[in-house]
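Each remark here refers to the structure printed beneath this line.
There are 2 protein chains.
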Amino acid sequence: MGPASTQDSLAERLLAGDKRALARAITLVESDDPAGWELVREVFPHTGRAAIVGLTGAPGSGKSTLIGALTKLRRAQGREVAVLSIDPSSPFTHGALLGDRIRLTDHFLDPGVFIRSMANRGALGGLSEAALQAALLMDAAGKQDVWLETVGVGQAEIDVIDHADTVVLVLMPGSGDSIQALKAGIMEIPDIIVVNKADHPLTDTMIREIRGVLSLAPQRGWRVPIVKTEALRGEGVEELIGKLDEHRAFIEAEGTLSERRRRNLEAEVLAICTARLRRDLEARLADDASFAGLLDEVVARRLDPASAATRILERFES
Amino acid sequence: MGPASTQDSLAERLLAGDKRALARAITLVESDDPAGWELVREVFPHTGRAAIVGLTGAPGSGKSTLIGALTKLRRAQGREVAVLSIDPSSPFTHGALLGDRIRLTDHFLDPGVFIRSMANRGALGGLSEAALQAALLMDAAGKQDVWLETVGVGQAEIDVIDHADTVVLVLMPGSGDSIQALKAGIMEIPDIIVVNKADHPLTDTMIREIRGVLSLAPQRGWRVPIVKTEALRGEGVEELIGKLDEHRAFIEAEGTLSERRRRNLEAEVLAICTARLRRDLEARLADDASFAGLLDEVVARRLDPASAATRILERFES
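The listed protein sequences correspond, in order, to chains X and F. Take any residue in the first sequence, count from 1 to its spot, add 536: that is its number in my numbering. Take any residue in the second sequence, count from 1 to its spot, add 536: that is its number in my numbering.
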């Protein structure tokens with residue numbers, strides 16, 4: 537069997553919802569294998585159906601447990617679910633504690649649930665692209681809910697969360713950094729705010745603080761709900777599912793969904809272009825002995841970084 | 537007077553330590569004016585002398601107050617100081633509270649202190665580059681201490697903090713997110729950890745947690761000190777200055793300083809190249825009517841983002 541027919545069959549198996557085909561496809565994309573890009577090209581017309589929900593929040597806020605609880609309810613509704621975790625502290629990823637992993641065993645064995653993690657490091661500038669490709673593959677494989685799990689307030693996380701149709705910020709009481717980030721305008725106002733671990737005595741204080749921040753932010757149309765959950769015991773999760781569905785209906789009715797997707801796809805195309813240009817540049821420099829010499833000049837403060845860049849680009853473009 | 541001689545005199549005034557020349561120079565760099573890059577080229581041989589200290593920590597941890605207190609002590613030692621703040625919640629920047637600004641008035645009027653903020657948004661991928669150029673200009677202007685103030689754990693912040701010779705993480709008791717980020721390995725272990733607002737009852741709990749995290753991290757040579765401060769009252773700041781000087785002496789003696797600087801300058805050269813490639817690409821696409829058509833195809837799911845990127849790059853490179 538030649539490579540073309542193998543690939544056809546991988547695409548077919550993926551579109552039929554085969555879990556192993558999906559896993560293989562994401563590995564191809566993650567390792568930047570041309571076959572992976574080819575596969576996304578093939579299945580792309582079958583995407584756009586999944587509800588892509590980004591869950592962001594500091595490590596320890598309980599995002600993974602919450603995703604576990606949400607998954608359980610979505611499965612009970614008969615929907616297929618995929619989780620893409622790019623949080624290195626998440627039990628879905630390598631930084632796992634055994635105890636957390638055990639709580640997820642049910643889902644690992646369920647053929648209707650697909651769980652995948654991606655590294656938060658190493659993929660210089662390319663993590664967001666790989667994450668989108670993976671989400672598209674999950675969508676093509678018939679997953680109706682794709683959960684994107686990310687940490688924190690940085691640019692890399694923002695780039696990933698931009699692929700989501702609905703953004704959920706998960707906070708836990710007593711941890712003020714995220715609220716400060718919202719207040720300072722570093723973090724965009726999400727679509728839904730969850731206060732998880734809501735059995736904590738500081739829960740109501742935190743909710744008051746969040747209301748304070750939201751009252752200052754311009755809210756057009758959609759009013760950001762605050763949902764209290766105790767993900768470990770499943771409390772509040774049904775209400776959260778309700779809010780997710782409401783938000784989905786809202787952005788579909790208002791046309792915001794297609795606007796968001798257009799803007800994000802444009803950013804994505806540009807980011808893929810930039811990542812490829814950078815990769816080509818690095819490959820050429822790796823083979824180029826004069827680059828080390830140029831760098832020596834910079835380190836000796838005889839040549840400034842911008843002039844060194846100019847010289848490199850002149851050579852690269854010629 | 538022609539543009540060349542104006543520029544010579546700006547460089548001369550900058551090297552003589554003229555505050556207004558420095559402000560003008562940074563504006564040129566920030567607005568990506570070719571005259572700014574030319575100026576950096578001219579003064580670059582006079583750089584490399586300043587101690588560049590990055591202070592990072594969540595909004596509200598008191599970084600700005602701490603920088604104010606450190607500045608006061610450095611001025612008493614007769615050293616010249618520059619602050620580059622890229623924290624939008626900082627009183628040095630626009631997100632300021634009046635009360636915080638007032639505390640800094642002394643320094644604003646001191647000719648030996650230069651304070652500048654940079655926006656955390658909009659400068660897609662270019663913030664880190666502009667920040668390095670600004671730090672180089674401050675260094676060339678004879679500032680012996682350059683404080684780089686950043687927030688959070690994201691990639692943009694990490695890129696900026698990589699320009700620092702010494703990295704200080706500022707924590708406040710009761711705010712666990714940063715510790716979680718350290719524990720999860722999202723945030724690199726800094727060179728010095730400060731627990732600010734140390735009059736808080738949870739200070740000792742936090743210090744125990746930090747010790748726990750540090751005991752798990754590989755520490756070769758330099759043992760990361762934990763310094764308790766109450767920046768508002770100046771307490772612990774003298775000890776922090778001592779640790780900063782110790783770390784500086786350590787990295788100079790071990791050769792780590794020149795290694796770090798070489799690695800960072802290399803990353804910088806590549807980042808400038810990439811930013812310019814992206815800017816050129818965007819400029820060409822802005823003039824290109826067929827780009828909108830290509831994007832329509834992507835939105836309609838008839839053309840996948842990677843194939844769209846390939847088509848654009850083919851045109852760009854031809």
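Where is the CB? At the ideal position from N, CA and C, for every residue including glycine. Please read these numbers as outputs of a predicted model, since none were measured by experiment.
Query: Alpha carbon of E782(X) to alpha carbon of L684(X), nearest angstrom; Result: 19 Å
Query: 7 Å Cβ cut-off: residues of chain F touching I808(X); Result: P841, A842 and A845
Query: Backbone secondary structure at W573(X) - three-state DSSP; Result: helix
Query: Reduced DSSP secondary structure (H/G/I, E/B, other) of D675(F); Result: helix
Query: Cβ-based contacts, 7 Å cut-off: residues of the region 591-623 of chain F near chain X; Result: A594, P595 and G596
Query: Segments assigned beta strand (DSSP E), at least 3 residues, entirely inside the region 762-848 of chain F; Result: 762-764
Query: Where A700(F) falls: helix, strand or coil (DSSP); Result: coil
Query: Where R814(X) falls, given that 16 or more other Cβ within 10 Å makes a residue buried; Result: buried
Query: is_contact[V730(F), chain X] using C-beta, thresh 8 Å; Result: no
Query: Listed by chain order, chain F residues near W573(X) by CB distance under 7 Å; Result: A842
Query: Which residues DSSP lists as bridging F650(X), in chain order; Result: A618(X)
Query: Any C-beta of chain F under 8 Å from that of E804(X); Result: yes
Query: Alpha carbon of D675(F) to alpha carbon of A828(F), nearest angstrom; Result: 45 Å
Query: Backbone CA spacing between Q716(F) and D554(F) [nearest angstrom]; Result: 43 Å
Query: Contact with chain F by P754(X), beta-carbon distance below 8 Å; Result: no
Query: Residues of the region 548-570 of chain F whose Cβ lies closer than 7 Å to any Cβ of chain X, in chain order; Result: none
Query: Span separating the alpha-carbon of V730(F) from that of T810(F); Result: 35 Å
Query: CA nearest to the CA of E771(X), picked from S600(X), S751(X), V703(X) and N732(X); Result: N732(X)
Query: Residue-chain proximity (A659(F), chain X), Cβ-Cβ < 8 Å; Result: With a pLDDT of 40 at A659(F), under the threshold of 50, the predicted position of this residue should be treated as unreliable, and no value is reported.
Query: Span separating the alpha-carbon of A700(X) from that of D681(X); Result: 11 Å
Query: Beta-carbon spacing of T739(X), P761(X) below 8 Å; Result: no
Query: Spatially closest choice to R652(F) from K608(F), L551(F), L602(F) and A559(F), by CA coordinates; Result: A559(F)
Query: Chain-ordered neighbours of V576(F) on chain X, where CB pairs are closer than 9 Å; Result: D840, P841, A842 and S843
Query: Per-residue DSSP class, three states only, for G590(F); Result: strand
Query: Backbone secondary structure at I725(F) - three-state DSSP; Result: coil
Query: For D740(F), three-class secondary structure by DSSP; Result: helix
Query: Beta-carbon contacts of F852(X) that lie in its chain and below 7 Å, excluding the five residues immediately before and after; Result: L817 and R820
Query: Member of L839(F), L768(F), V773(F) and R756(F) whose CA lies at the smallest distance from the CA of F786(F); Result: R756(F)
Query: Chain F contact residues for R798(X), given Cβ-Cβ distances below 8 Å; Result: L831 and V835
Query: 8 Å Cβ cutoff, G584(F) in contact with chain X; Result: yes
Query: Where the alpha helix (DSSP H) through V565(X) begins and ends; Result: K555 to E566
Query: Best match in I777(X), W758(X) and R769(X) for proximity to E790(X) [C-alpha to C-alpha]; Result: W758(X)
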